[in-house]
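Number of protein chains: 2
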Amino acid sequence: MPPAQDTLGAICKTVLERITPKPEEREKIEGLAKALEKKVAKAAEHFGVKATVRLEGSVAKDTWLSGEPDIDIFMRLPPNMPRSALGEVALKIARKATEGAKQVERFAEHPYLEAFLDEVRVNIVPCYKTQSGEWLSATDRTPYHTDYVKRHLKPEMRGEVRLLKKFMKGIGVYGAEIKVGGFSGYLCELLVIHYGSFLNVLEAFAQPKQRMVVDIEKHYKGREDELPLLFNEPLVMIDPVDMGRNVASAVQPQKFYTFVAAARAFLEKPSLKFFYPPETAPLTVEKLKETLKKRGSAMLFIVFGEVDAVPDILWGQLYKSQRSLAKLLETTDFALLRHAVWSDEEKLNVLIFELESRQLSPLKRHLGPPLDKLEDSRKFLAKHVASPETVSGPYIEGGRWTVEIKRKYTDAVSLLGEKLKDGGRNAGVAKKIAQALSRGFKILVNEEIAETYAENIEFAKFLTDFLQGKPKWL
Amino acid sequence: MPPAQDTLGAICKTVLERITPKPEEREKIEGLAKALEKKVAKAAEHFGVKATVRLEGSVAKDTWLSGEPDIDIFMRLPPNMPRSALGEVALKIARKATEGAKQVERFAEHPYLEAFLDEVRVNIVPCYKTQSGEWLSATDRTPYHTDYVKRHLKPEMRGEVRLLKKFMKGIGVYGAEIKVGGFSGYLCELLVIHYGSFLNVLEAFAQPKQRMVVDIEKHYKGREDELPLLFNEPLVMIDPVDMGRNVASAVQPQKFYTFVAAARAFLEKPSLKFFYPPETAPLTVEKLKETLKKRGSAMLFIVFGEVDAVPDILWGQLYKSQRSLAKLLETTDFALLRHAVWSDEEKLNVLIFELESRQLSPLKRHLGPPLDKLEDSRKFLAKHVASPETVSGPYIEGGRWTVEIKRKYTDAVSLLGEKLKDGGRNAGVAKKIAQALSRGFKILVNEEIAETYAENIEFAKFLTDFLQGKPKWL
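Chains as they are written, first to last, in the numbering used here: chain A, 283 to 756; chain B, 283 to 756.
Put into structure tokens, the structure is as follows:
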């Protein structure tokens with residue numbers, strides 16, 4: 283593929299200018315970070331807690347994007363502090379350090395505090411101060427990650443990381459949180475360190491291959507063959523500070539494939555829209571109704587209210603429930619075209635299943651054993667010959683006993699309605715979602731979604747994109 | 283399986299009494315046969331044709347069933363007679379020999395005459411008088427078959443052959459003609475010679491196995507391993523008079539399986555109904571309509587008139603057309619439950635296709651290439667990104683490009699109507715059937731068949747059995 287070098291270069295230059303913090307912004311953010319670092323240290327002292335407080339994350343590594351700073355302050359606490367106390371102690375310190383600011387309690391592996399200072403989001407996160415390799419919690423590695431990147435990412439490469447991050451944000455694969463299941467900032471930094479530049483990373487992913495395995499620090503030197511067996515994700519990046527960990531383990535195959543496809547498309551036909559996808563203009567309600575009617579499929583929406591869970595838990599449970607219900611529909615013979623989930627993470631959740639048809643024929647074929655399975659054949663005949671469920675047969679087809687029987691469920695809405703009426707735990711719905719469903723839900727079909735659509739602009743955009751189906755860069 | 287020996291024996295005895303010709307019937311048939319043999323020889327002489335005339339078939343071998351005699355007179359003609367003349371010469375002789383009787387010209391490999399004398403059907407068939415192994419036409423082997431059976435079938439075993447034939451007739455697997463695709467009389471005789479008795483044959487077939495290969499004269503002694511490779515039918519019986527021929531080659535797998543299943547069922551629970559299946563009482567038209575409605579499937583009937591072909595050709599072409607249209611429906615995504623064909627061999631033919639539903643969703647998923655097929659992916663995207671057929675996508679699913687497109691055909695009746703409007707040769711309909719379709723056809727759905735049903739008692743019985751679906755002995 284002959285990359286349009288001029289265009290490529292021009293586009294990267296334009297983007298880089300927009301996303302590199304200007305001195306003024308940089309001063310403000312770095313000033314804020316320094317001040318906060320001190321306040322947290324002081325608050326810890328105030329409570330008599332022995333804590334090492336340090337700025338981490340993209341601001342520390344100078345890989346943040348202009349306009350989107352995230353200040354991460356870590357407080358490293360003594361390893362002998364009980365796990366149960368860690369969060370409480372940290373929250374107490376963090377609250378005092380950000381007194382007067384808007385504060386939101388968050389939860390990843392343990393609780394941490396999110397606060398807003400001068401409209402800048404800051405995260406104050408606890409971890410254990412451990413030696414490398416003696417990790418007590420997942421966040422304990424973060425300071426080592428920061429150190430590694432600071433040591434290996436040359437200053438002139440920071441722009442390359444910014445380009446890669448912005449590209450990934452643009453195509454929707456950036457972020458290791460459950461909702462996205464994409465590439466973390468740290469992974470972007472390692473990719474640039476390993477491949478040398480933004481374009482080199484794209485070139486590497488654009489190659490046709492089933493898997494990518496990168497052992498950046500050659501931890502497995504001499505036994506590289508073992509790597510594909512030790513890790514089974516399509517994308518593997520051995521953590522330079524922990525050879526047992528795949529930095530890309532949170533990257534969902536779908537996000538990996540999307541990045542591969544987008545990298546190819548961009549190299550072939552560079553465009554700003556990869557970095558800055560056009561805003562979706564939602565269809566009008568009238569147009570939505572017309573579009574759904576013309577499609578002729580059956581779009582089922584399971585609409586329900588608040589789920590008692592923080593975003594990472596919420597999305598994990600939504601995805602799990604979505605997979606279970608998709609499987610239920612498929613094993614009940616419904617032809618499932620696509621499925622998706624949407625949530626405002628507060629009071630509205632929507633599971634979407636698009637079927638070829640809402641109704642199935644009442645009649646289906648049920649294949650029995652081959653004739654040469656003597657005992658199975660006997661049982662099959664005993665069961666079906668005089669059964670009231672049998673509509674035709676048993677007869678022999680292709681050497682197998684076969685029978686035509688009535689389907690138990692012919693209407694997808696009835697099926698879902700019945701399976702979800704007690705929350706749907708037996709149908710594989712995750713616990714928190716089942717609890718929310720127990721408090722009530724609606725199953726809407728096609729244009730019945732119009733009201734919900736009209737009331738939620740973000741959902742309207744999502745559904746408009748879903749109906750379109752193709753990536754914006756395509 | 284513990285066979286109910288008493289019942290078994292009693293049932294076989296009852297059947298045998300009914301099917302063994304009484305002396306009076308035997309005298310009549312054997313007298314008729316002898317007289318006809320002489321007349322044919324005389325007629326040949328009259329026309330100056332050198333013919334060896336002899337009684338063949340079940341009457342010659344004394345394995346015919348009481349009430350169902352078939353007198354086969356063969357005239358063996360000189361090998362130097364041209365093939366084109368063989369039929370004409372034979373018909374001329376046969377017509378003269380049966381002057382005054384009802385005569386029907388038939389056709390198998392070459393023309394022969396069917397006539398009715400004293401309400402007994404006689405077939406006068408020509409063949410070449412060749413040495414064994416120097417066959418010029420398929421029927422040349424018949425006299426050798428007769429000789430082989432006369433030599434190897436002990437008189438006390440003739441009843442066993444009669445039982446086997448009657449059993450096979452009862453379950454619908456007797457007859458090598460295309461319509462049935464079952465077991466010939468000669469095959470029944472060889473099976474009894476090989477296994478020793480009717481019940482032994484049943485026991486042998488009742489065993490669970492994928493295939494049966496019998497080399498009765500051990501033509502392949504020492505190289506039995508080759509047999510399964512030389513023949514690929516599920517049932518192989520090496521012809522004792524021609525080691526290159528499988529006597530069971532006309533036995534369709536479905537008939538083989540049916541015999542296997544019936545043999546098992548009979549040995550487990552013997553009953554007269556295997557030999558004498560109850561006559562079908564066709565549903566009333568009202569009941570038929572109700573039954574079709576309750577099924578909820580879509581039963582499509584392609585109804586058309588006379589086909590210009592003798593029965594063996596007619597059935598061969600009907601079956602071929604049935605298979606082609608079944609494949610057409612399946613590749614167009616219709617869920618086909620079962621299909622069948624009915625014909626009165628004169629003026630009415632019906633192809634039946636039962637579908638889960640007559641209609642399909644207008645929308646379907648179309649899977650494209652995996653992402654790692656670079657060139658295929660590029661072509662797929664080029665084709666579908668801006669195509670008016672594309673409803674959603676292309677999007678990536680499971681590492682493959684996928685697109686949702688409109689189906690070309692959503693109504694099975696429209697599909698068949700369009701494909702058959704010029705006879706359907708392009709859809710795989712056989713030539714003679716296509717000619718008949720070109721003269722007109724109707725596609726009827728569900729209760730629209732009522733009129734045809736009401737007018738044809740045999741078709742009504744057939745459809746009643748088809749809806750029931752299970753063998754009568756089950």
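Backbone N, C-alpha and C fix where the C-beta goes; we use that ideal spot for every residue, glycine too.
Proximity test, Cβ basis, 9 Å: residue i and chain A
i	result
residue 390(B)	no
residue 454(B)	no
residue 751(B)	yes
residue 754(B)	no
residue 539(B)	yes
residue 534(B)	no
residue 437(B)	no
residue 522(B)	no
Beta carbon proximity, residue i to chain B, threshold 9 Å
i	result
residue 605(A)	no
residue 683(A)	yes
residue 721(A)	no
residue 674(A)	yes
residue 613(A)	no
residue 578(A)	yes
residue 737(A)	no
residue 638(A)	yes
residue 742(A)	no
residue 671(A)	no
residue 617(A)	yes
residue 549(A)	no
residue 543(A)	yes
residue 599(A)	no
residue 654(A)	yes
Distance cut-off 8 Å: residue i Cβ against heavy atoms of the ligand COA
i	result
residue 637(B)	The ligand COA is not among the ligands present in this structure, which contains no ligands whatsoever.
Proximity of residue i and residue j at Cβ, strictly below 9 Å
i	j	result
residue 487(A)	residue 541(A)	yes
residue 699(B)	residue 717(B)	no
residue 402(B)	residue 395(B)	no
residue 759(A)	residue 427(A)	No answer is possible for residue 759(A): it lies beyond the span of chain A, which begins at 283 and ends at 756.
residue 663(B)	residue 625(B)	no
residue 754(B)	residue 555(B)	yes
residue 643(B)	residue 613(B)	no
residue 559(A)	residue 461(A)	no
residue 604(A)	residue 589(A)	no
residue 302(A)	residue 470(A)	no
residue 391(B)	residue 412(B)	no
residue 683(A)	residue 543(B)	yes
residue 450(B)	residue 463(B)	no
Terminal residues of the beta strand (DSSP E) in which residue i lies
i	result
residue 456(A)	It is not in any beta strand (DSSP E) - residue 456(A) carries neither H nor E in the DSSP assignment.
residue 429(A)	Segment 424-434 is the alpha helix (DSSP H) holding residue 429(A); no beta strand (DSSP E) there.
residue 362(B)	Unbroken run through residue 362(B): none, as it is neither H nor E.
residue 586(A)	580-586
residue 486(B)	Premise fails: residue 486(B) lies in the alpha helix (DSSP H), 480-488, not in any beta strand (DSSP E).
residue 517(B)	517-521
residue 514(B)	No beta strand (DSSP E) holds residue 514(B); DSSP gives it neither H nor E.
residue 524(B)	524-528
residue 496(A)	494-496
Residue interval of the alpha helix (DSSP H) (run including residue i)
i	result
residue 536(A)	535-550
residue 567(A)	567-577
residue 310(B)	305-328
residue 343(A)	339-343
residue 467(A)	467-477
Within-9 Å CB hit, residue i to chain C
i	result
residue 678(B)	The displayed structure is made up of protein chains A and B, and chain C is not among them.
Residue i - partner residues in DSSP beta bridges
i	result
residue 388(B)	394(B)
residue 589(B)	DSSP, once it has assigned bridges, lists no residue as partnering residue 589(B).
residue 409(B)	358(B)
Task: Contained alpha helix (DSSP H) runs [length at least 4] in the stretch 624-687 of chain B, N- to C-terminal order - done: 656-666
TODO: Report the residue ranges of all beta strand (DSSP E) runs contained in full by the stretch 591-630 of chain B; include only those spanning at least 3 residues, in chain order.
DONE: 618-625
- [ ] Identify every run of the beta strand (DSSP E) within the stretch 692-755 of chain A, keeping only runs that are complete inside it and at least 3 residues long; order them along the chain.
- [x] 723-727
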